[in-house]
Amino acid sequence: MIDIDEFFEILIEVCDELPDEMFNDLHHGVVLEEGVKYSPHARNKDLVIMGEYTRSGLGNKISIYYGSFAHLYSGDNREQLKNRLRDVVRHEFRHHMEHLGGMYGRDSLEYEDKVNLRKYLRGE
């Protein structure tokens, strides 16, 4: 696995691919966290959170978890990691854009994530 500094460089590259407007109202930006993050719903640490979009009274933020990528994709080369990171970053930005647009219904990513979590909890 590449070290966290190189991973951060890739994160910057991936974020630079996005239009500046997508960062509007992302008060705390995109933050790289060092550790692995497990879902509170995980059984035996089998549900890893790669990134998350959070909203609070202090503002909106996207967190990316280096440790989660290292845990799941330690054998990947730089290009493979970049592709995986791009997918996660765009996923979290979709949450951000849907939040700004007030989209929370059945067509939203938030709804899709809840459906996927229910499937996981049922063992599907």
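For our numbering, count along the sequence shown from 1 and bump the result up by 6. Don't be surprised by glycine CBs; every beta carbon is placed ideally from N, CA and C. Quick caveat: nothing in here was measured; it's all calculated off a predicted structure.
**Request:** For my contact list, Leu-32 and Ile-68 are in at a C-beta cut-off of 8 Å; report their separation, rounded to the angstrom.
**Result:** By one-based count along the sequence shown, residue 32 stands at place 26. By one-based count along the sequence shown, residue 68 stands at place 62. Their Cβ separation, rounded to whole angstroms, is 7 Å, which keeps Leu-32 and Ile-68 in contact under 8 Å.
**Prompt:** Which residues mark the beginning and the end of the beta strand (DSSP E) in which Asn-66 is found?
**Reply:** Translated into positions along the sequence shown, residue 66 becomes position 60. Taken as a continuous stretch (DSSP letters only), the beta strand (DSSP E) holding Asn-66 covers 65 to 71.
**Request:** Identify the continuous beta strand (DSSP E) that holds Glu-84 and give its terminal residues.
**Result:** Along the sequence shown, one-based indexing puts residue 84 at 78. Note on identity: in this sequence residue 84 is Arg, with Glu being the wrong assignment. In this chain, Arg-84 is not harboured by any beta strand (DSSP E); it is covered by the alpha helix (DSSP H) spanning 84 to 106.
**Message:** Here's a check: name, in chain order, each residue in its chain whose Cβ is nearer than 8 Å to the Cβ of Glu-19, leaving out the five neighbours to either side.
**Reply:** Numbered from its first residue, the sequence shown carries residue 19 at position 13. For Glu-19, where only same-chain residues beyond five positions count, the Cβ hits under 8 Å are Lys-88.
**Prompt:** Using the rule of at least 16 other Cβ atoms within 10 Å of the residue's Cβ for burial, across every protein chain shown, is Val-121 buried or exposed?
**Reply:** Indexing the sequence shown from 1 puts residue 121 at position 115. Burial is judged here by how many other beta carbons sit within 10 angstroms of a residue's own beta carbon; Val-121 has fewer than 16 and is exposed.
**Item:** Residue from Leu-53, Gly-57, Arg-61 and Pro-46 with nearest C-alpha to His-34
**Value:** For this step, residue 34 is matched to residue 28 along the sequence shown. Among Leu-53, Gly-57, Arg-61 and Pro-46, the Cα nearest to that of His-34 is on Arg-61.
**Gly-41 versus Leu-24, Ile-10, Asn-30 and Ile-16, residue with shortest Cα-Cα distance** = Working through the sequence shown from its first residue, we reach residue 41 at position 35. It is Ile-10.
**Asked** Quick one: what's got a C-beta closer than 8 Å to Glu-23's C-beta in the same chain, skipping five residues either side?
**Response** Numbered from 1 along the sequence shown, position 17 holds the residue referred to as residue 23. Here the set comprises Arg-92.
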